[in-house]
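Only one structure is covered here, and it is reproduced in the block below.
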Amino acid sequence: MAPRIQRLDHHTMEKYENIWFGIAVVMSVLLAVAVFASFLSGTIPRIEDEGGGGHHLEGVKNGRINSRNFAGTPFATPGLVDNKDGTYSAFVVARAFAFDPPVLKVPAGKPVTFYLTSADVLHGYYVEKTNVNATVVPGQVASFTTTFRSPGPLNIVCDEYCGVGHHNMLNKIIVEAPQP
Ligand SMILES: [Cu+2]
Numbered sequence: 094m095a096p097r098i099q100r101l102d103h104h105t106m107e108k109y110e111n112i113w114f115g116i117a118v119v120m121s122v123l124l125a126v127a128v129f130a131s132f133l134s135g136t137i138p139r140i141e142d143e144g145g146g147g148h149h150l151e152g153v154k155n156g157r158i159n160s161r162n163f164a165g166t167p168f169a170t171p172g173l174v175d176n177k178d179g180t181y182s183a184f185v186v187a188r189a190f191a192f193d194p195p196v197l198k199v200p201a202g203k204p205v206t207f208y209l210t211s212a213d214v215l216h217g218y219y220v221e222k223t224n225v226n227a228t229v230v231p232g233q234v235a236s237f238t239t240t241f242r243s244p245g246p247l248n249i250v251c252d253e254y255c256g257v258g259h260h261n262m263l264n265k266i267i268v269e270a271p272q273p
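Taking this note's numbering, the leading residue of the sequence shown gets 94, the next gets one more, and so forth.
Below you can see the structure in the form of structure tokens.
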């Protein structure tokens with residue numbers, strides 16, 4: 094016996110089409126209402142005036158920095174700064190297609206607070222063998238604190254596509270053993 098195929102006539106088909114069209118209209122209306130409501134209620138994230146971004150750096154206001162001119166900011170001279178209290182700050186500028194400084198030397202076993210910004214487009218800052226992975230946004234400063242445990246070289250790669258030279262955007266961190 095041949096299997097019975099249930100055929101739908103064109104009236105039934107139109108009925109289904111209308112139902113699905115109606116569902117799509119209802120979903121679009123709900124989305125529009127949700128977007129409008131979030132504008133009204135202020136749930137859209139924004140950087141507040143006070144302490145925005147949590148940075149207290151020269152030339153950084155409300156977490157914002159002028160990506161065209163780093164004069165007067167610590168990013169004018171990127172590199173490692175010894176805070177003389179057992180902690181370090183590392184200032185890194187990403188630009189197509191390298192990081193500045195090209196080789197960053199950090200001490201092992203000491204907390205290093207990184208401050209990253211971009212001079213042009215969006216970049217990524219991924220340090221191999223660690224959980225360091227930050228997005229570097231022009232006009233903003235990303236920061237995090239980490240401690241490198243074991244001495245040795247680590248590759249840094251840009252993991253946000255930034256242009257034709259993106260695949261060459263490799264630099265190094267060298268973790269140095271503590272001086273005796
Ligand atoms: Cu890139």
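C-beta: ideal position from N, C-alpha, C; glycine also.
Quick caveat: nothing in here was measured; it's all calculated off a predicted structure.
Asked	Found
Would you check if the region 212-222 and the region 172-180 touch, i.e. whether three or more CB-CB distances between them fall below 8 Å?	no
DSSP has Tyr181 in a bridge; who is on the other side?	Asp175 and Val205
Going by the beta-carbon positions, is the gap between Val153 and Val220 smaller than 8 Å?	no
When the Cβ atoms of the region 101-121 are set against those of the region 193-204, are three or more pairs found closer than 8 Å?	no
Starting from the C-beta of Gly172, find all residues in its chain whose C-beta is less than 6 Å away, skip the five residues before and the five after it, and write them out in chain order.	Pro194
May I ask you to report which of helix, strand or coil DSSP gives Thr223?	coil
Out of Thr239, Arg188 and Lys203, which one is the CA nearest neighbour of Val257?	Arg188
Where does Asn264 land, buried or exposed, given buried means 16+ other C-beta within 10 angstroms?	buried
Within 7 Å: the Cβ of Met120 and any heavy atom of ligand 2?	For ligand 2, the structure offers nothing, since it holds only ligand 1.
Apply the 10 Å Cβ neighbour rule to Ala227 and answer buried if 16 or more other Cβ atoms are within range, or exposed otherwise.	buried
How many Å lie between Ser236 and Glu110 at the Cα?	52 Å
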